Amino acid sequence: RMKTLNCYVLLLCWKAICCNSCQLTNITIAVEREECEFCITVNATWCSGYCFTR
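In case it helps, mature numbering (1 follows the signal peptide of the UniProt record, and there is no 0) puts the sequence shown at residues -21 to -1, 1 to 33.
#1: Skipping 5 residues on each side, what residues in its chain have a beta carbon closer than 8 Å to that of Thr24?
#2: By DSSP, does Cys30 sit in helix, in strand, or in coil?
#3: Within 8 Å (strictly less), CB to CB, does Thr(-18) reach chain D?
#4: Helix or strand or just coil, what does DSSP make of Cys15?
#5: Which residues mark the beginning and the end of the alpha helix (DSSP H) in which Cys(-15) is found?
Structure (structure tokens):
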């Protein structure tokens, strides 16, 4: 029974680390000012998920 529980815990840890890892996502940011008549959009890349930082 303990062996099954250990395998289950290892499976959950593997899923949390491997399946939900950091991925790059494309985003669009709208930049605008009240004085200007137009809006500028900036395309950027954003890290999403469980990203490791320093």
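Where is the CB? At the ideal position from N, CA and C, for every residue including glycine.
None of the values given here were measured: they were computed from a predicted structure.
Based on what the coordinates show:
#1: Leu3, Thr4, Asn5 and Ile6
#2: coil
#3: Looking at the structure shown, chain D is missing, and only one protein chain is on hand.
#4: coil
#5: Met(-20) to Trp(-8)
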